[in-house]
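*Asks:*
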Amino acid sequence: MDEIRRLINEIPSIAVQADHVKILETPRQFYDTLIALTRNAHERITLSTLYLGSGSLERNLVSELETALTRFPGLQLNILLDYLRGTREGEKSSAALLKGLVPRASVHLFHTPHLRGLLKKALPERTNEIVGLQHMKLYIFDDDVLISGANLSHSYFTNRQDRYVLIEKSPQLAEFFVRLVDAVSSCSFILESDGSIKISPRCNVHPYRQTFHEYEALIRSRIMGVLDSLPSASPFPIDQVSGADTRVFPLIQMGMFSLNQENDLLIQVFASQDTPSKMTLTSGYFNFVDDYARLISKRGTYSMDIICASPQANGFYNGSGLSGYVPSLYVIVSEVFFRNKRPQVQLFEYARPEWTYHAKGLWIESKESRLSATLVGSSNYGYRSVHRDLEAQLLIVTSNEHLKSRLHSEHSRLMEWSGLVEASTFLRPDHVVPGWVRLFARYIRNFF
Numbered sequence: 001m002d003e004i005r006r007l008i009n010e011i012p013s014i015a016v017q018a019d020h021v022k023i024l025e026t027p028r029q030f031y032d033t034l035i036a037l038t039r040n041a042h043e044r045i046t047l048s049t050l051y052l053g054s055g056s057l058e059r060n061l062v063s064e065l066e067t068a069l070t071r072f073p074g075l076q077l078n079i080l081l082d083y084l085r086g087t088r089e090g091e092k093s094s095a096a097l098l099k100g101l102v103p104r105a106s107v108h109l110f111h112t113p114h115l116r117g118l119l120k121k122a123l124p125e126r127t128n129e130i131v132g133l134q135h136m137k138l139y140i141f142d143d144d145v146l147i148s149g150a151n152l153s154h155s156y157f158t159n160r161q162d163r164y165v166l167i168e169k170s171p172q173l174a175e176f177f178v179r180l181v182d183a184v185s186s187c188s189f190i191l192e193s194d195g196s197i198k199i200s201p202r203c204n205v206h207p208y209r210q211t212f213h214e215y216e217a218l219i220r221s222r223i224m225g226v227l228d229s230l231p232s233a234s235p236f237p238i239d240q241v242s243g244a245d246t247r248v249f250p251l252i253q254m255g256m257f258s259l260n261q262e263n264d265l266l267i268q269v270f271a272s273q274d275t276p277s278k279m280t281l282t283s284g285y286f287n288f289v290d291d292y293a294r295l296i297s298k299r300g301t302y303s304m305d306i307i308c309a310s311p312q313a314n315g316f317y318n319g320s321g322l323s324g325y326v327p328s329l330y331v332i333v334s335e336v337f338f339r340n341k342r343p344q345v346q347l348f349e350y351a352r353p354e355w356t357y358h359a360k361g362l363w364i365e366s367k368e369s370r371l372s373a374t375l376v377g378s379s380n381y382g383y384r385s386v387h388r389d390l391e392a393q394l395l396i397v398t399s400n401e402h403l404k405s406r407l408h409s410e411h412s413r414l415m416e417w418s419g420l421v422e423a424s425t426f427l428r429p430d431h432v433v434p435g436w437v438r439l440f441a442r443y444i445r446n447f448f
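Quick look at the structure:
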């Protein structure tokens with residue numbers, strides 16, 4: 001934890017009170033909280049997600065948003081989606097569902113600048129999403145921030161386990177994330193009330209018709225303006241006089257625009273040596289970028305538990321066509337990691353009947369330190385998260401004993417449905433991988 005203390009002394013942060021940090025446990029609690037926050041918001045609602053589903057729960061959420069706009073005419077509602085995922089499926093798309101909110105609400109769709117030219121013409125729907133996505137999951141209501149890895153669709157509201165942390169009464173944090181979403185929105189497309197989509201009038205460089213470097217310069221300058229608005233880094237100890245015994249550190253990861261806050265932090269964390277810290281790391285998709293896997297398995301001296309989805313808990317399990325083989329790809333990656341890891345690192349698979357697993361994050365605990373930390377947000381720690389997608393995280397560091405206990409309970413609950421991976425695990429029928437998948441795995445793993 002001394003390593004963490006040194007690192008965070010160099011990162012801008014915002015002080016919050018521990019009792020304003022709420023850890024949600026279930027998908028249903030996530031949904032109910034979204035509804036309650038929508039009903040209580042008076043001034044602003046900002047939602048950033050990959051996409052919005054089209055089921056009854058999603059339609060009810062949109063209805064609540066519409067009611068909020070009617071109840072409070074001055075309410076500002078801004079929604080950011082991914083263009084490719086948000087326009088898929090025609091009349092069942094996110095854009096089609098949300099167009100009724102326009103013009104009272106602003107709905108923007110980010111289009112990756114890497115999908116352009118012949119590549120854009122050649123790649124079909126769904127497949128084109130491998131190039132890059134808007135992946136931030138930020139839900140802001142007035143001065144409350146709900147950060148998660150969960151999208152706004154039925155499975156994430158019912159039986160797809162994720163993480164959800166609500167920071168209440170933090171105007172500074174809320175303003176930061178509202179401005180971050182607005183910066184990306186200003187360089188995106190905008191939805192019209194008739195369902196048409198055009199480039200935002202604030203975006204004077206087209207994402208894929210003009211050069212990548214022109215677009216990168218535009219969006220990077222706007223995002224940097226938001227990052228520079230945070231207060232200067234403050235050294236620990238955490239301010240006990242004001243009662244703010246917890247600090248939050250907003251981090252973004254947008255490798256395509258050379259913005260690598262999360263990656264820079266994790267490289268140093270995973271390289272930690274001579275530390276008594278216990279770490280727990282989780283991702284629904286076990287496909288860590290090579291630097292992370294190497295440092296965890298070979299260099300670090302800390303103990304670590306890693307939780308990933310079992311093949312049955314993978315969202316692609318029993319998928320149609322080639323997508324049905326995606327769980328096999330993750331089995332290959334986990335098997336290679338298992339064969340090369342050091343003894344202090346243990347691998348677990350989450351397996352819960354009728355549930356899938358999408359949680360991601362990091363917990364750091366030390367008996368010798370009064371600090372505990374967790375990283376929560378949208379990143380899966382793979383190549384896509386580091387280099388292709390737009391990700392947002394929150395590092396939470398606390399000395400509050402009650403919050404430390406709640407953070408420990410959070411990953412302990414995930415472990416209740418997780419089984420230890422052993423050599424024999426890879427001999428089970430559900431872990432048998434077709435030979436052709438093994439052959440192509442090394443060439444395609446960076447797209448998942």
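FYI, the numbering for the sequence shown is 1 to 448, going by full-length UniProt numbering. The C-beta atom is built at its ideal place from N, Cα and C for all residues, glycine as well.
With a threshold of 6 Å on Cβ separation, who are the neighbours of Leu230 within its own chain once the five nearest residues in sequence on each side are excluded?
*Replies:* So the qualifying residues of the chain are Pro12.
*Asks:* Which residue comes first and which comes last in the alpha helix (DSSP H) that contains Asp144?
*Replies:* Careful: Asp144 lies outside any alpha helix (DSSP H), inside the beta strand (DSSP E) at 144 to 148.
*Asks:* What residues in its chain sit with their C-beta under 6 Å from that of Arg433, if we drop five residues either side in the sequence?
*Replies:* Looking at the sequence itself, residue 433 is Val, so the reference to Arg does not match. The residues are Ser328, Val331, Ile332.
*Asks:* Which value, in whole angstroms, describes the spacing of the CA atoms of Ser94 and Ser379?
*Replies:* Using only the alpha carbons, I get a separation of about 22 Å.
*Asks:* Answer with buried or exposed for Asn151, where buried requires no fewer than 16 other C-beta atoms within 10 angstroms of its C-beta.
*Replies:* Buried.
*Asks:* Taking the runs of the beta strand (DSSP E) that are 3 residues or longer, which of them lie wholly in the segment 5 to 45?
*Replies:* Fully enclosed beta strand (DSSP E) runs of 3 or longer: 14 to 16, 21 to 24.
*Asks:* Sort Arg352, Phe440, Asp291, Arg428 by Cα distance to Ser418 and report the nearest one.
*Replies:* Closest option to Ser418, Cα to Cα, is Arg352.
*Asks:* Counting only runs of 3+ residues fully inside the segment 60 to 96, write out the beta strand (DSSP E) ranges in chain order.
*Replies:* Taking only runs of at least 3 residues, the beta strand (DSSP E) segments lying wholly in the segment 60 to 96 are 76 to 82.
*Asks:* Looking at C-alpha atoms only, which residue of Thr301, Tyr302, Ser323, Gly300 is the closest neighbour of Pro311?
*Replies:* Checking every option, the nearest Cα to that of Pro311 belongs to Ser323.
*Asks:* Name the residue from Leu180, Glu216, Leu191 whose alpha carbon lies nearest to the alpha carbon of Gly225.
*Replies:* Residue Leu180 is the option with its Cα nearest to Gly225.
*Asks:* Round the Cβ separation of Arg160 and Glu129 to the nearest angstrom and send it over; I've been treating them as touching at under 8 Å.
*Replies:* At roughly 18 Å, the Cβ-Cβ gap does not stay under 8 Å, so Arg160 and Glu129 are not in contact.
*Asks:* Tell me, which residues are paired with Met415 by DSSP?
*Replies:* Met415 is not bridged to any residue.
*Asks:* Rounded to a whole number of angstroms, what is the C-alpha to C-alpha distance between Ile140 and Arg163?
*Replies:* Those two C-alpha atoms are separated by around 16 Å.
*Asks:* One question on the structure: do residue 456 and Ile396 come within less than 8 Å of each other, judged by their Cβ atoms?
*Replies:* Outside the displayed span of the chain (1 to 448) sits residue 456, for which this structure offers no information.
*Asks:* Taking all protein chains shown into account, do 16 or more other C-beta atoms lie within 10 angstroms of the C-beta of Arg222, making it buried, or fewer, making it exposed?
*Replies:* Buried, by the Cβ-count rule.
*Asks:* With a threshold of 6 Å on Cβ separation, who are the neighbours of Phe426 within its own chain once the five nearest residues in sequence on each side are excluded?
*Replies:* Taken in chain order, the residues that qualify are Glu335.
*Asks:* Alpha carbon to alpha carbon, what distance is there between Leu65 and Tyr357?
*Replies:* Rounded to whole angstroms, Tyr357 to Leu65 spans 28 Å at the Cα level.
*Asks:* Which term fits Thr246, buried or exposed, when burial requires 16 or more other beta carbons within 10 angstroms of its beta carbon?
*Replies:* Thr246 comes out buried.
*Asks:* What residue range does the beta strand (DSSP E) around Thr398 cover?
*Replies:* Counting along the chain, the beta strand (DSSP E) containing Thr398 begins and ends at 391 to 398.
*Asks:* Would you mind working out which of Tyr381, Tyr325, Ala313 sits nearest Leu414, comparing C-alpha positions?
*Replies:* Comparing Cα positions, the closest option is Ala313.
*Asks:* Looking only at its own chain, which residues have a Cβ that is under 6 Å from the Cβ of Val241, when we skip the five neighbours before and after it?
*Replies:* Caution is warranted here: a pLDDT of 46 is assigned to Val241, below 50, making its placement in the model unreliable, and no coordinate value can be reported.
*Asks:* Please classify Gln261 as buried or exposed, where buried requires at least 16 other C-beta atoms within 10 Å of its C-beta.
*Replies:* By the neighbour-count rule (16 or more Cβ atoms within 10 Å), Gln261 is buried.
*Asks:* Would DSSP call Glu422 helix, strand or coil?
*Replies:* Glu422: coil per DSSP, three-state reduction.
*Asks:* Might you give, ordered along the chain, the residues of its own chain that have their beta carbon closer than 8 Å to the beta carbon of Gly435, omitting 5 neighbours on each side?
*Replies:* No residues qualify anywhere along the chain.
*Asks:* So who's on the other strand from residue 489, going by DSSP bridges?
*Replies:* Residue 489 is absent from the model: the chain starts at 1 and stops at 448.
*Asks:* Could you tell me the distance, in whole angstroms, from the CA atom of Ser303 to the CA atom of Ala68?
*Replies:* Cα to Cα, the separation comes out at about 48 Å.
*Asks:* Any idea which residues DSSP pairs Asp305 with across the strands?
*Replies:* Beta-bridge pairing links Asp305 to Thr280, Gln346.
*Asks:* Would you mind stating whether Val62 and Leu191 have Cβ atoms separated by less than 8 Å?
*Replies:* Cβ atoms of Val62 and Leu191: not closer than 8 Å.
*Asks:* Compute the Euclidean distance between the alpha carbons of Val437 and Ile147, then round it to the nearest angstrom.
*Replies:* If you take the alpha carbons of Val437 and Ile147, they lie about 35 Å apart.
*Asks:* In terms of residues, what are the limits of the beta strand (DSSP E) holding Pro250?
*Replies:* Taken as a continuous stretch (DSSP letters only), the beta strand (DSSP E) holding Pro250 covers 246 to 254.
*Asks:* Tell me the residue span of the beta strand (DSSP E) that contains Tyr164.
*Replies:* Taken as a continuous stretch (DSSP letters only), the beta strand (DSSP E) holding Tyr164 covers 164 to 167.
*Asks:* Sort Asn9, Ile364, Glu58, Leu362 by Cα distance to Thr49 and report the nearest one.
*Replies:* With distances taken between Cα atoms, Thr49 lies closest to Glu58.
*Asks:* Could you name the residues of the same chain whose beta carbon sits closer than 7 Å to that of Gly361, not counting the 5 residues immediately before and after it, in chain order?
*Replies:* So the list reads Arg163, Thr282, Thr374, Leu375, Val376, once near-sequence residues are dropped.
*Asks:* What three-state label does DSSP hand Val289 in the structure shown?
*Replies:* The answer is coil: DSSP assigns Val289 none of H, G, I, E or B.
*Asks:* Between Gly53 and His154, is the Cβ-Cβ spacing less than 8 Å?
*Replies:* Their beta carbons are under 8 Å apart, which means Gly53 touches His154 by this criterion.
*Asks:* Count the other CB atoms, across all protein chains shown, that sit within 10 Å of the CB of Thr280; report buried if there are 16 or more and exposed otherwise.
*Replies:* By the 10 Å Cβ count, Thr280 comes out buried.
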